[in-house]
Every structure is written in C-alpha cells, then in structure tokens.
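Take a look at the structure set out below.
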Amino acid sequence: MLEKFYFNIIMIILGGAIGATARFTISQFIDKHLTTQFPVGIFLVNIIGCFFIGLIMSLFQNKLLVNEVFRFFLVIGFLGSLTTFSTFAFDNFNLFNMKNFTFLFLNLFVTNLLGIIMVFLGIKSVKLFT
0 MLEKFYFNII
10 MIILGGAIGA
20 TARFTISQFI
30 DKHLTTQFPV
40 GIFLVNIIGC
50 FFIGLIMSLF
60 QNKLLVNEVF
70 RFFLVIGFLG
80 SLTTFSTFAF
90 DNFNLFNMKN
100 FTFLFLNLFV
110 TNLLGIIMVF
120 LGIKSVKLFT
C-alpha cells in the first residue's frame, strides 16, 4: 500500500517536472517572438492546459481512462505544473503595477472566459467520439 503511494508521488513529480519545463519553454518561445506587454505565452499555456484537463478528466469520468497512475502523472503532475495560475496572478500584478489596466482586465477576463470554454470543449470532444 505504501509502495503504491510513493510510486504515485514519483509519477506526480515526473509529470510536474515535464509540465514546468513545457510551460517555461512554450511561454519563453512565444514571448520571445511577440513583443507586447500582454503575457501571451502563459495565456496560451493556460488556455491549452484548460482544454486538456477538460478532455482528460472527462475521459476518466466516462471510464474511458481508468489508469490512476496516468491521471496522477498527467493531470496532477503535468497539467498541474503546465497551467500554473500563480504565474497568471504574478503577471496580472505586474500589469497592475505598470498601470496597464487595459491589458490587466483583458487578461483577467479573457483567460477565465476562454478557460471555461476550453474545458467545455474538452468535455464535448470526448462526448463527440464516444
């Protein structure tokens, strides 16, 4: 029993390391190629991650995926690290400090609205093919 617990922890750590690396790499690449104060890189990472968490959790809820280790690795580890809202909050704090209220409110509103829409689309994608 304890061995399974530690194995799950290792899967979360591995998924988290890969997710954090993916978040950093993707957001840095995008931000390097787009010169704007709007945090496009982390915005896209969060939106894409929202879609995949909707998709994967729907697969689990519909019993199309049942491997708990896969869920620990992918959902808790990888997506948990990929779609960090602490970076989102920090970016918004910086926009506030720069008094860039247009981008602040745009980022707050659009990220949340599109995040909800992408979770919905992830769930609907599973239903479309099942």
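Sequential numbering from 0 applies to the sequence shown in numbering that gives the first Met the number 0.
Note that the Cβ used here is the ideal one computed from N, Cα and C, for glycine as well.
Contact belief for residue i with residue j at Cβ below 8 angstroms, rounded distance in angstroms
i: Ile52; j: Leu43; result: 15 angstroms between Cβ atoms; not a contact.
i: Thr86; j: Ile41; result: 5 angstroms
i: Phe95; j: Leu13; result: So it is not a contact: roughly 35 angstroms between Cβ atoms.
i: Gly48; j: Leu1; result: The Cβ separation is near 31 angstroms, so there is no contact.
i: Ile11; j: Gly76; result: 4 angstroms
Cβ-based neighbour list, residue i, same chain, cut-off 6 angstroms, excluding 5 preceding and 5 following
i: Gln36; result: Asn99, Phe102
Own chain partners of residue i with C-beta closer than 8 angstroms, once the 5 adjacent residues on each side are dropped
i: Phe143; result: This structure does not reach residue 143, given that the chain is present from 0 up to 129, and the question cannot be answered.
i: Lys31; result: none
Own chain, CB closer than 7 angstroms to residue i, minus 5 neighbours either side, in chain order
i: Leu33; result: Val39
- Message: Going residue by residue through the region 32-67, where are the continuous alpha helix (DSSP H) segments of at least 4 residues, counting only ones entirely within it?
- Response: 39-60
- Message: Would you call the region 52-64 in contact with the region 100-119, where contact means no fewer than 3 C-beta pairs closer than 8 angstroms?
- Response: yes
- Just checking, does the region 63-81 make contact with the region 99-116 on the three C-beta pairs under 8 angstroms criterion? no
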